[in-house]
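Protein chains in written order, with the numbering used here: chain A, 1 to 544; chain B, 1001 to 1217; chain C, 2001 to 2344. The block underneath contains the structure these notes are about, expressed in structure tokens.
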Amino acid sequence: MRMKRLLSKTPSGFTIITIVVAILILFPLSAMFGDILDAPSDTWVHIRTHLLPDYLGNTIILIVGTAVLAALLGFFSAYFVTFHDFPMRRFFSWALILPLALPSYIAAYVYADMFSYTGTFARALRLMGITQLVDVMSMAGAILIFGLTLYPYVYLMVKSSLQKQSRIYLDNARLLHAGPLKRLMRVIIPLTRPALIGGTLLVILETLNDYGVVRYFGVRVFSYAIFDAWFRLADVASAIRLSGLMLLLVFGIVAAEKLLRGRRRFQAALKSSSIRRMKLSVRSRTLVIGFLSLVLLFGFGIPVLEMIGNLFATWHVLLDVEWLYIIINTLTITIFASALIVFIALMTVNAMRLSKSRWAAVLLKITNLGYAIPGAVIAIAVLIFFVDLDRRLGPLYELFQNDGPALLLTTSLTMLVFAYCLRFIAIAYNSVDSTYEKIGMSYTEAAYTLGHGKWNTLWRIDLPLIRTGLISAFIIVFIDVLKELPLTLVLRPTNYDTVATRVFTYAGDEMIHEASGPSLVIILLSAMMIYYLTHMKRGGKHVS
Amino acid sequence: MYLDIKQLAFAYPGGAPVLNNLHFTMEKGEIVSLLGPSGSGKSTLLRLIAGLDHPADGSIELNGVTLSDPTTFVIPERRNVGMVFQDYALFPHMSVFQNVAFGLPKQSRQEQRKVVLELLRLVNLEAKVDRYPHELSGGEQQRIALARSLATKPDVLLLDEPFSNLDASLKVTLRRDLRRILNTAETTCLIVTHDEQDALAIADRVVRMTEGTIPLK
Amino acid sequence: MNKFILILSVFLTGLLLTGCTLGVENDERALTVYTDRHYDTDQELFDQFTEETGIAVNVVKAGSDELINRLRTEGADTAADVFIVADAGRLHQAKENDLLQAVESDVITANVPANYRDVDNQWFGLTVRARVIVFHPDRVSEDDLSTYEDLTDPKWNGRVVVRSSANIYNQSLIASFLSINGESATRSFIAGLVANFARTPEGNDRDQAKAVMAGLADVAIMNTYYMGKMANSSDPYEVEVANALRVFFPNQDTTGTHVNISGAAVTKHSDNVAEAVAFIEFLTSPTAQALFAEANYEYPVNPDVDAAELLESWGDFIAQDIPLTDLGTFAQEATILMDEEGWN
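Set out below in structure tokens:
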């Protein structure tokens, strides 16, 4: 059916869905942060004097180090792959996303194991007569691990931005006598800035959120303090207060970036002409391939090979029919949740595009909050919300089933999916939004003036245009949900196992070698998804 | 000859030839309009002179230097050819000052400022020195792009459809302005247009182009 | 009208339906267990229980603190019948939060010695782990070792490794010190120990053993459980480490070696108390205890069951004689002291 409705004053379906989602998200969060205003407890004083100063300093070192490393790795790999021609370019173009499939905490365990006294690396060194041990369990090690496993966020966003960048700017710079370095520093990097910052921000948020790596390495950062407050001091209120502080830190970073942008703009409506890839000399070609191989090797190849090696002694952990169910479970919920999240992000972005009001901006901020809050804290907020919801809906349940479970939603998968949405909408939003920014409003508006309704336009005009962006949003969310642990552990229904919870079964018990099997399943599923989605063809044209 | 193009040919890979056996010359300081319908290869000729595309055959010589022939190819940044693109392509993240200063050689801040302000005075936009491109009108953007190209003192300045994106009612003033700026800057200038009136109004000489070549007179 | 809404609603309905039926087995008699232990051995035992009794066991596995929070939030509506956690302190915390109920069972009382169960019979130990000193025989002679407190002596300067204070094992070790020696002695113990650290704490228990093996330190404070696990690891190099190092039970002539337990409790709002009690009776029975001991290298609480051969080979030891409840009572103070004295 074709809707004849044009842009009107009444809120669109997009806006309504966005508002509903925002309210749903706001409820658990406000209930949680409401307590911040209460008087601080004694433990809070302890945290403030003994933990906070150190932890803040360490956090800043960690996120600055990780952000710089991930931005460099992500930007340059995207830059080489987009603007240069060299053997295996196509392979690198998709393979460079692979480290995203390797959860940071797994990488941390594997590297620590390899470099420990009994590890592959240390043993190899001993064979050569070197008994010195390399200590990866340090701040530097943590920065390297986060940088190497999280740079694909930057890579994906920068690559798609570079592909859309108009070549005219580069041609122009050349005619103004700018050599390759000046073009890179003064034209390409600044024009990619929104994507570079967007990707780096995701890296920062993931790093802030991590608990597994920093706890294992003994690097005392903010998330450490949050869990300290909760687990060791049994003070959930202080944990939430700390999360609030961490949110402030994130907002501070975002605001500082906005301020630095000033009145500058990074997009202009120019006809984009397709990129022509530069042929490289043999020497630079070797350097580029060397660089990309190293990134891929350390971010993916080495840990994965090590895990495959471990698997030989521990393959029995995978020998269980149960695994079939676990994989089906995992795929079902991950695909469903990812699709839902991308859908909500699509709605939110559209609501934002159609309305320029401040309200819309506020709603957006709310729906995006979840990514900055540690998973375990969200888990508690969501649990409280659902138990409350179930109690309110109790009389309704009675109508249908007299003796059913009192906590219907709480014991169902709905709660977990809701929590995933709360947590990951921001990532999907970021990807979808940056794609939309590139196509601008004109196609959409043209469709409206031709009498197409909003949904119809979305389906027939926008979707084909932003397909690539949607796919990369889906990949990122899919992999994130697949790796997710704290929410899944607490909020899953009884007897419900995913591949990630299986990893935890062994990793939590210091059985790194046994954890290799399940970890490889995560990596394999993610890698297959990445391969499939980057190689999907449409009209003979590669998406990658 | 100052600019001497011989037997120039160009085709996109696997496509029909865009230019073939093109001969074209210019004197120093001359302002020439290249007139032709769209698709006749005018813009391609500009890109070949600028070095943004590689010719299939023929040679381009400028000021006694061979820029391009079957064995030589000087990369764009070494050619000293200026070009104002059809949509100006001002760097959106740089202020007017930074845009104009982009092509200037390394020099002290004060000298740079002096040169930029001089150029802005030439195009009559001194007041906009700290603005960003999106804060300017189309005509203003064009003049800034012009100033930016002139900053490198190019041996030849190429203008691609300078009036196509501008309001028709302003055309008369704009033509006069452009002519004045080009005369003051004493630049050798090749202007591509499909509008005969534009061509006649600005140029010392009009050259017609059809189907990828310039017919001999 | 639009395919989105259609697809979405189909998905959502499907999800809700699966959610309602999923996982929960529809047997007449079923138990729900919240546990922070996630060992394959435990699952084997649960299956065995189902086989013997016909009572299905539904499991939620998550971190102990998250589970306590979940129990509190769910209140009277909780599906949980049994709560299992690997720390007496947490069991105590659950009791204090009024999440557990007292159980009278002669079977359990006979299976579990009094010092490994709650005074009010609200929780019962299942297995015991000792926190011991592990040393390298080439660099340390057993005669040099005596007590935990001795490790603060300057002769150990730069020779001691232990994992971070964020870990529950250390928290419970210090809590036991507070219970036995009081605050000021405990404070100077922590300060002295920190002064002798060979490195800033990092890694887990196994990593401490590896550090001793590598010569980064000469002694490590770690759990017997992990020494057992390492000696039977799938990684032959870990086995080598475990075989090369020795276990020493400290404080045998004074206050005893620090131990902590894994324990089980019936939740306050359980609807299946009889089944829950039967379940705990089963877990403390000699058959189940033998499996805990053999497969997981924990000391069984049931005195009739022998520990694994490897553990036996380390010899008998005297454990601290304190109510395990104290591990919970002093947990927070322990944390604060460790932070104040700079145990990272």
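Backbone N, C-alpha and C define an ideal beta-carbon position, used for all residues, glycine too.
Near residue i, what residues of its chain come up, given a Cβ to Cβ distance below 8 angstroms and the 5 sequence neighbours on each side ignored?
| i | result |
| --- | --- |
| residue 1009 of chain B | 1017, 1019, 1020, 1021, 1022, 1055, 1056, 1057, 1058 |
| residue 2023 of chain C | Note that residue 2023 of chain C has pLDDT 44, beneath the 50 cutoff, so the model's placement of it is unreliable and the number below is only indicative. Excluding positions up to five away in sequence, the list reads 2058. |
| residue 2252 of chain C | 2317, 2318 |
| residue 2197 of chain C | 2158, 2160, 2161, 2162 |
According to DSSP, what are the bridge partners of residue i?
| i | result |
| --- | --- |
| residue 2221 of chain C | C:2133 |
| residue 1009 of chain B | B:1057 |
| residue 2101 of chain C | C:2266 |
| residue 278 of chain A | A:84 |
| residue 2125 of chain C | C:2263 |
| residue 2258 of chain C | C:2131 |
| residue 2300 of chain C | C:2127 |
| residue 1190 of chain B | B:1032, B:1158 |
| residue 2061 of chain C | C:2035 |
| residue 2334 of chain C | According to DSSP, residue 2334 of chain C bridges with nothing at all. |
| residue 2168 of chain C | Paired residues: none, contrary to the question. |
Within the continuous alpha helix (DSSP H) that includes residue i, where are the two ends?
| i | result |
| --- | --- |
| residue 528 of chain A | 512-535 |
| residue 206 of chain A | 189-209 |
| residue 50 of chain A | Neither: residue 50 of chain A is in no alpha helix (DSSP H) and is coded neither H nor E. |
| residue 154 of chain A | 139-164 |
| residue 123 of chain A | 120-127 |
| residue 213 of chain A | 212-217 |
| residue 326 of chain A | 322-354 |
In the DSSP assignment, find the beta strand (DSSP E) that holds residue i and state where it starts and stops.
| i | result |
| --- | --- |
| residue 301 of chain A | Where residue 301 of chain A is concerned, there is no enclosing beta strand (DSSP E), given that its DSSP letter is neither H nor E. |
| residue 1024 of chain B | 1017-1026 |
| residue 2345 of chain C | Past the edges of chain C, shown from 2001 to 2344, lies residue 2345 of chain C, and the structure says nothing about it. |
| residue 2268 of chain C | That residue, residue 2268 of chain C, is in no beta strand (DSSP E); it is neither H nor E in DSSP. |
| residue 2352 of chain C | Any property of residue 2352 of chain C remains undetermined from this structure, which presents chain C solely from 2001 to 2344. |
| residue 1159 of chain B | 1156-1160 |
| residue 1069 of chain B | 1065-1069 |
| residue 1205 of chain B | 1205-1208 |
| residue 490 of chain A | Counting along the chain, residue 490 of chain A falls outside any beta strand (DSSP E), though it belongs to the alpha helix (DSSP H) covering 486-491. |
Identify, in the order they occur along the chain, each residue of the same chain with its Cβ nearer than 7 angstroms to the Cβ of residue i, setting aside the five sequence neighbours on each side.
| i | result |
| --- | --- |
| residue 439 of chain A | 465, 466 |
| residue 2177 of chain C | 2186, 2189 |
| residue 458 of chain A | 350 |
| residue 122 of chain A | 115, 116, 133 |
| residue 524 of chain A | none |
| residue 386 of chain A | 409, 410, 415 |
| residue 29 of chain A | 369, 381 |
| residue 2254 of chain C | 2147 |
| residue 2045 of chain C | 2283, 2288, 2291 |
Who are the Cβ neighbours of residue i in its own chain at under 6 angstroms, not counting the five residues just before and after it?
| i | result |
| --- | --- |
| residue 350 of chain A | 14 |
| residue 376 of chain A | 486 |
| residue 1079 of chain B | 1051, 1067 |
Which residues of chain D have a Cβ atom closer than 9 angstroms to the Cβ of residue i, listed in chain order?
| i | result |
| --- | --- |
| residue 2202 of chain C | Structure shown: chain D not included; protein chains present are A, B and C. |
Is the beta carbon of residue i within less than 7 angstroms of some heavy atom of the ligand NAD?
| i | result |
| --- | --- |
| residue 422 of chain A | By its list of ligands, the structure shown contains no ligand whatsoever, and the ligand NAD lies outside what it can speak to. |
Taking a Cβ distance cut-off of 7 angstroms, strictly less, list which residues of the segment 1086-1097 of chain B are near chain A, in chain order.
1087, 1089, 1091, 1092, 1093
Quick one: complete beta strand (DSSP E) runs, 3+ long, within the segment 1071-1150 of chain B?
1081-1084
Residues in the segment 175-209 of chain A having any Cβ partner in chain B nearer than 8 angstroms
175, 176, 177, 178, 179, 186, 187, 190, 191, 193
Along the segment 2218-2230 of chain C, what residues have a CB closer than 8 angstroms to any CB found in chain A?
2226, 2229
May I ask you to list, following chain order, the residues of the segment 2234-2257 of chain C that have a beta carbon less than 7 angstroms from some beta carbon of chain A?
2234, 2235, 2237, 2238, 2241
Could you run through the segment 1129-1160 of chain B and flag, in chain order, every residue whose CB is less than 9 angstroms away from some CB of chain A?
1131, 1132, 1133, 1134, 1135, 1145, 1148, 1149, 1151, 1152, 1154, 1158
Can you pull out the residues from the segment 489-509 of chain A whose beta carbon lies closer than 8 angstroms to at least one beta carbon of chain C?
489, 490, 492, 493, 494, 495, 496, 501, 504, 505, 508, 509
Closer than 8 angstroms, Cβ to any Cβ of chain B: which residues of the segment 252-267 of chain A, in chain order?
263, 264, 265, 266, 267
Residues within the segment 2035-2055 of chain C neighbouring chain A, beta-carbon criterion of under 8 angstroms:
2038, 2039, 2040
For the segment 219-236 of chain A, list every residue whose C-beta sits within 9 angstroms of some C-beta in chain C, in sequence order.
219, 220, 224, 227, 228, 230, 231, 232, 233, 234, 235, 236
Short of 7 angstroms Cβ to Cβ, which residues in the segment 1049-1081 of chain B face chain A?
1050, 1052, 1076, 1077, 1081
Relative to chain B, which residues along the segment 154-172 of chain A have a C-beta separation below 8 angstroms, given in chain order?
166, 168, 169, 171, 172
Short-range partners of chain C found in the segment 432-453 of chain A, where Cβ spacing is below 8 angstroms:
none
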